[in-house]
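Q: Structure provided below as structure tokens; questions to follow.
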Amino acid sequence: MTTATERSVPKPVFTDAEAGAKEFPDSTARRFNYYTPQKRKQTHYEDVTVEVQPDPRHYLSQGWLYGFSDGRGGYPLEWTTLKAWGSDRPVPKRGPGSGGKGYDWPAHGWHEFRDPNEEWELTLYRYNSNVVRQVNQNIEAARRSKAFDQWNPNWVRFVERNVGAWMHVDHGLGLYLFANANRRAPTNMHNNAISVNSMHLIRAAQDLALYNLTLSEEIDGFDGKAHVETWDSDPAWQGVRQTAEALTAVDDWCEAVFAANVVFEPLVGELFRSHLVQHAAPRNGDFVTPTVVGAGEYDYAERDLRYTKAMFELLTNDREFADHNKAIMQRWLSDWVSQAIKAARTLQPLWSQPDAKPPRFEDGLDRAKSRFSGILSDLGLDTPKELAQ
Amino acid sequence: MSRQSVARAHQKIQELSWEPLYHEPVSQYGTDYTFQKAQKKDPLKQVLRSYFPMQEEKDHRVYGASDGAIRGNMFRQVQERWLEWQKLFLSIIPLPEISAARAMPLLFRTVPNPELHNGQAIQMIDEVRHSTIQQNLKRLYMNNYIDPAGFNNSLRNFQNDYCGTIGRQFAEGFITGDAITAASIYLTIVAETAFTNTLFVAMPAEAAANGDYLLPTVFHSVQSDESRHISNGYATLLMALADEGNHQLLERDLRYAWWNNHRVVDAAIGTFIEYGTKDRRKDRESYAEMWRRWIYDDYYRSYLVPLEKYGLVIPHDLIEESWNQIWNKGYVHEVAQFFSTGWLANYWRIDPMTDKDFEWFEYKYPGWYDRYGKWWENYNRLSTPNGHHPIVAEDVDYQYPHRCWTCMVPCLVREDMVIDEVDGQVRTYCHEACRWTDVTAFRPTYQGRQTPNMGQLIGAREWETLYHGWNWADVVTDMGYVRDDGKTLVAQPHLNLDPKKMWTLDHLRRMPPLQSPNVLLNEMTPEEREAFHANYVRGGPGGRPAPADA
């Protein structure tokens, strides 16, 4: 006969520690009480996002603890020249007996921003997983049905060079503009939205790169490296490249996001994706490329532009600094519209490359300009004269 | 997911990066390290096409478990002693996580290797995941645990409480100062590689033992991302080691990062694991045993020591001293005792220790009762209001400690306390290593070498100074740690939720005013200070004042 020794394991204990088991002060106070929701009720998104990044103007009583070599810590408001109401209020001074209270929440207007996409981890993984699954399935279905065999040689060249070249734009902006900017904004709501934008672009870049790899495997003579040479030295692409590089060189995080999402994407990104690739591909027997490019287009048009508009609308309607902000944004518009139009016009030779031609470049540019003017109108900004270039 | 191999896909996405022809990307963060361009490989070869579905699948498991916990009434079996400490932990941890996301751009311009930037961008979004999934866990606790107070005002409390301030170093240290010191050495080489083992593996195991299987569900999911981050750090470290000019800085930064992580993380997690548990089985590991396994053996001996042959100067002395602090000098016990002394300035309830706890502590840490037993008996005796003050204002043979200016944990191991006059202020430090961090490491020169990018320690670093001379009732009101009846404190030194047993502002009103030890120290003459210091270092253990001279 053998005796089994009892294993040492923690024993379950009935504690009755569930909500509602007793009544006492705060027993029903089941909502985060340190912020004011944008609407009547606190949203799940707000609960997991708001106030995670602290601010010495409200609750951070001992201030930032670590600084850069110049002594500045945290997330300085001066990292952009735009201002939200309350930006000029000084950080409360702390010393013996000062207490720890700051200004009433939110202390300044930056904290009023909410991402209308309500992005947090659950939403961003669901969304992007769906995108990569669908893109993969589209490509796989096309591969099985030998859809690439329908492409004429000129279209093959077009895709390997030009569709391929766009991956560099998405990658560069995703990493060195948007991911970079996720360190710069004064609230968690801004920085999370910006980091999600970054992942959209990096994913779109990889989608294009891996599509390119599939095409190298499926199409005889498809040059999987042609996109690099195009990006490096094709004169038609150097305007786009110059502008993309200029965008990554901007120090002011608001200017960088504004220039990319308000100016560059509608005038150059959508012009290329929607008014060239999406229109030309079907006429050249290609129903696959639009689904890959369209995923990136949807990211921008339906999500990234949406949060960008909400972010800048607050600033152009700010109760204290609206005029200040609009004047700066108008200057940015003059500068970046000029560069974007130049980049767009430098791309024009692409319109004549496919055998079956897309709608005219000028028509596409007009539509892009019209869309851009609509965005400016929503933001309360004037169309800059540079748009006529 | 795809018919293409991960290796081929990863190789393909290397074609995405490009050298600027017209404009250099903006350079916003400096470092005193130097790097040569090198083809250091991204060791994990992560491609977003597989990454997103992988993370989504992990989410399915986490949220499925969350639903199951609610439907199965997990909270009927959760130990309140444990969940109360989660009010502190889950107020702290979302900020370090999101700060790690914000830290990644510090490396883009300073580490010239595009292949690593891809891994850093994925780490960025991982950290967004961690921060929001942890906030979500806290929200679930608030909605389903018996006492939501302390969860419901979590992110206000964290930002104005002295425990939160200690924990905040574990976030701010990632995002400011020299880019490599912060985002690589402090964050990935030390915090993630060494200390997430106790944070995200050892602590969840203790949660499960206390009836909470959601914390392990969430934090093991988080920890499964950490191996990627550790690889990011390792690749950067090898690049840094390739330049001998960096070795001096690496030595400095490892010393600072190791010691600060030990001071901060061991204080918090050690307390949660040892004093937040009801599991007193003799064969369950103590924090000291876990530390020896996860940090000393797995990190120090298996990860750090092999790097010595590449020229890395390892702070052997500080690692041994950390163990000495934990094992011989009772660091964790001193911290738990201090947190409990100041229970009224917190936003969670701290359960008194019982005879069963005493027995376990004595078994695991021989001599524990002689050092701390009497004080915990007093804590128990004074836990419900009965005409006396909270323990901090009663005579229980405990001297309220001075605050360490660097790590902000008080100078609890009394014999180690150091005083120095720095930047026109007399400061106290818990240990010579913390004095060195302030006086030597965080300075624009280091051992005669210019270090213009090194950060600064800033801020109002002693919490008590803000409230010097204040009545305790006003202190707690100012911080907002009052329940919805307008008078009952969020914090309590016991778990009894009977309103008649709970402390209120009225009880605190009768207490003597709060005094900042640092203000008082600065008011002393040099001779008085010297005498005070000589006396202080003769104090302890267990916070006892120095014995009177015979």
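Quick mapping for you: the protein sequence lines, in order, are chains F and S.
Residue numbers are given in my numbering: position 79 of the first sequence equals residue 79, and the series is strictly consecutive.
To convert, take the position in the second sequence, counting from 1, and add 1000; that gives my numbering.
All C-beta atoms, glycine included, are put in the ideal place defined by N, C-alpha and C.
If you're wondering where the values come from, they're calculated on a predicted model, not measured in any experiment.
Under 8 Å by Cβ, that's how I've got T214 (chain F) and R161 (chain F) pegged, so tell me the actual separation to the nearest angstrom.
A: Against the first sequence, residue 214 (chain F) aligns to sequence position 214. Against the first sequence, residue 161 (chain F) aligns to sequence position 161. Not confirmed; about 16 Å, so no contact.
Q: Kindly give me the distance between the Cβ atoms of A970 (chain S) and V1078 (chain S), rounded to whole angstroms, as I take these residues to be in contact under 8 Å.
A: Here chain S has residues from 1001 to 1550 only, and residue 970 (chain S) is not among them.
Q: At 9 Å on the CB atoms, spell out the chain S contacts of T248 (chain F), in chain order.
A: By one-based count along the first sequence, residue 248 (chain F) stands at place 248. By Cβ distance, chain S contributes P1020, H1023, E1024, P1025 and V1026.
Q: With DSSP as the reference, label Y1365 (chain S) as helix, strand or coil.
A: As a position in the second sequence, residue 1365 (chain S) is number 365, starting the count at 1. Here Y1365 (chain S) sits in coil by DSSP.
Q: So what's I1391 (chain S) in DSSP terms, helix, strand or just coil?
A: Position 391 of the second sequence, counting from 1, holds the residue named residue 1391 (chain S). It is helical.
Q: Going by DSSP, name the residue or residues bridged to G67 (chain F).
A: As a working note, residue 67 (chain F) is residue 67 in the first sequence. DSSP output for G67 (chain F) lists F:G73 and S:Q1456 as bridge partner(s).
Q: Going along the region 170-189 of chain F in order, which residues come within less than 9 Å of chain S, judged by CB to CB distance?
A: Cβ contacts with chain S: D170, H171, G172, G174, L175, Y176, L177, A179, N180, A181, N182, R183, R184 and N188.
Q: Can you tell me where the beta strand (DSSP E) with V1418 (chain S) in it begins and where it stops?
A: Against the second sequence, residue 1418 (chain S) aligns to sequence position 418. V1418 to V1422 is the span of the beta strand (DSSP E), which, as asked, contains V1418 (chain S).
Q: Using a cut-off of 8 Å between C-beta atoms, extract the partners of N1197 (chain S) located in chain F.
A: Within the second sequence, the letter at position 197 stands for residue 1197 (chain S). Here the premise fails: no neighbours, minimum Cβ distance about 21 Å.
Q: Quick check: what's the CA-CA separation for Y59 (chain F) versus A1491 (chain S)?
A: In the first sequence, the residue the question calls residue 59 (chain F) occupies position 59. In the second sequence, the residue the question calls residue 1491 (chain S) occupies position 491. Cα to Cα, Y59 (chain F) sits roughly 19 Å from A1491 (chain S).
Q: G1373 (chain S) and R1156 (chain S): beta carbons closer than 7 Å?
A: Here residue 1373 (chain S) is taken as the residue at index 373 of the second sequence, counted from 1. Here residue 1156 (chain S) is taken as the residue at index 156 of the second sequence, counted from 1. It is not a contact, given that the beta carbons lie outside the stated cut-off.
Q: With 7 Å as the limit, tell me which residues of the region 105-136 of chain F have their beta carbon closer than that to any beta carbon of chain S; keep them in chain order.
A: From the region 105-136 of chain F, only W120, E121, L122, Y125, R126, N128, S129, V132, R133 and N136 have a Cβ closer than 7 Å to chain S.
Q: I need the straight-line Cα distance from V91 (chain F) to L1107 (chain S), nearest angstrom please.
A: The sequence position of residue 91 (chain F) within the first sequence is 91, counting from 1. The sequence position of residue 1107 (chain S) within the second sequence is 107, counting from 1. Approximately 29 Å, taken between the alpha carbons.
Q: Following the continuous alpha helix (DSSP H) through T1236 (chain S), name the residue where it begins and the one where it ends.
A: Start at 1 with the first residue of the second sequence, and residue 1236 (chain S) comes out as number 236. From DSSP, the alpha helix (DSSP H) with T1236 (chain S) extends over L1214 to L1241.
Q: Where N1260 (chain S) and A1288 (chain S) are concerned, what is the direct C-alpha to C-alpha distance, given to the nearest angstrom?
A: For the purposes of this step, residue 1260 (chain S) is identified with residue 260 of the second sequence, where counting begins at 1. For the purposes of this step, residue 1288 (chain S) is identified with residue 288 of the second sequence, where counting begins at 1. The straight-line gap from Cα to Cα measures roughly 18 Å.
Q: Do E1274 (chain S) and V1332 (chain S) come within 7 Å of each other at the CB atom, strictly closer than that value?
A: Translated into the one-based positions of the second sequence, residue 1332 (chain S) becomes position 332. Translated into the one-based positions of the second sequence, residue 1274 (chain S) becomes position 274. Their beta carbons are under 7 Å apart, which means V1332 (chain S) touches E1274 (chain S) by this criterion.
Q: Given that E1080 (chain S) touches chain F, what residues does it touch there, using C-beta distances under 8 Å?
A: Along the second sequence, one-based indexing puts residue 1080 (chain S) at 80. T15 and A17, listed in chain order.
Q: Looking only at DSSP bridge pairs, what is L1489 (chain S) linked to?
A: The count along the second sequence starts at 1 and reaches residue 1489 (chain S) at position 489. In the DSSP output, where bridge partners are listed per residue, L1489 (chain S) has S:V1482.
Q: Which of the three DSSP states is assigned to Q278 (chain F) in this structure?
A: The residue given as residue 278 (chain F) occupies position 278 in the first sequence. Three-state DSSP puts Q278 (chain F) in a helix.
Q: Quick one: which chain S residues come within Cβ less than 7 Å of I219 (chain F)?
A: Sequence index remark: in the first sequence, residue 219 (chain F) carries index 219 (1-based). Per Cβ cutoff of 7 Å: no residues; I219 (chain F) is ~15 Å from chain S at best.
Q: Based on the DSSP output, what are the partners of V228 (chain F) in its beta bridges?
A: Counting from one through the first sequence, the residue named residue 228 (chain F) turns up at place 228. Partner(s): none; V228 (chain F) has no beta bridge.
Q: Taking the alpha carbon of M1142 (chain S) as the point to measure from, which residue in S:N1246, S:A1121 and S:L1088 has its own alpha carbon closest?
A: On the second sequence, position 142 is the one that residue 1142 (chain S) refers to. Closest option to M1142 (chain S), Cα to Cα, is S:L1088.
Q: Residues of the region 1491-1523 of chain S in Cβ contact with chain F at a cutoff of 8 Å, in chain order, please.
A: For the region 1491-1523 of chain S, which is checked against every Cβ of chain F, the residues closer than 8 Å are L1497, D1498, P1499, M1502, S1516 and V1519.
Q: State the start and end residues of the unbroken beta strand (DSSP E) segment that holds Q1425 (chain S).
A: Residue 1425 (chain S) sits at position 425 when you count from the first residue of the second sequence. Element bounds for Q1425 (chain S): Q1425 to Y1429.
Q: Taking CB distances under 7 Å as the criterion, tell me whether S1131 (chain S) reaches chain F.
A: Sequence index remark: in the second sequence, residue 1131 (chain S) carries index 131 (1-based). It does; some Cβ of chain F falls within 7 Å.
Q: Contact between the region 1183-1195 of chain S and the region 1053-1061 of chain S: three or more CB pairs below 8 Å?
A: The region 1183-1195 of chain S is not in contact with the region 1053-1061 of chain S.
Q: Can you tell me the Cα-Cα spacing of P1452 (chain S) and G71 (chain F), whole angstroms?
A: Within the second sequence, numbered from 1, the residue matching residue 1452 (chain S) stands at position 452. Within the first sequence, numbered from 1, the residue matching residue 71 (chain F) stands at position 71. Taking the straight line joining both Cα atoms gives about 12 Å.
Q: Compare the C-beta of M1417 (chain S) against all C-beta atoms of chain B and say whether one is closer than 7 Å.
A: The chain inventory of the structure shown lacks chain B, comprising the protein chains F and S.
Q: Is the beta carbon of W332 (chain F) sitting closer than 7 Å to the one on E255 (chain F)?
A: Locating residue 332 (chain F) in the first sequence gives position 332, counting from the first residue. Locating residue 255 (chain F) in the first sequence gives position 255, counting from the first residue. Contact: yes.
Q: Under 9 Å, CB to CB, which of the residues in the region 1083-1100 of chain S have a partner in chain F?
A: Hits within the stretch, in order: L1083, P1094, L1095, E1097, I1098 and S1099.
Q: Please report the residue range of the alpha helix (DSSP H) in which P1547 (chain S) lies.
A: Residue mapping note: residue 1547 (chain S) aligns to position 547 of the second sequence, counting from 1. Element bounds for P1547 (chain S): n/a, residue is neither H nor E.
Q: Taking any Cβ of chain S, which residues in the region 39-60 of chain F have a Cβ under 7 Å from it, in chain order?
A: Going along the region 39-60 of chain F in chain order, one finds D47, V48, T49, E51, V52, Q53, P54, Y59 and L60 with a Cβ nearer than 7 Å to chain S.
Q: Assign E1115 (chain S) to one of three DSSP states: helix, strand, or coil.
A: For the purposes of this step, residue 1115 (chain S) is taken as the residue at position 115 of the second sequence. Of the three classes helix, strand and coil, the one that applies to E1115 (chain S) here is helix, per DSSP.
Q: Return yes when the Cβ of Q1399 (chain S) is within less than 7 Å of the Cβ of G1539 (chain S), no when it is not.
A: Along the second sequence, read from residue 1 onward, the residue named residue 1539 (chain S) stands at position 539. Along the second sequence, read from residue 1 onward, the residue named residue 1399 (chain S) stands at position 399. Yes; because the gap between Cβ atoms is below 7 Å, this pair is in contact.
Q: Which of the three DSSP states is assigned to Q1046 (chain S) in this structure?
A: Locating residue 1046 (chain S) in the second sequence gives position 46, where the first residue counts as 1. In this structure, Q1046 (chain S) counts as coil in the three-state DSSP scheme.
Q: If we call anything under 7 Å between Cβ atoms a contact, is P390 (chain F) one with D1212 (chain S)?
A: Nothing can be reported for residue 390 (chain F): it is not among the residues displayed for chain F, which extend from 1 to 389.
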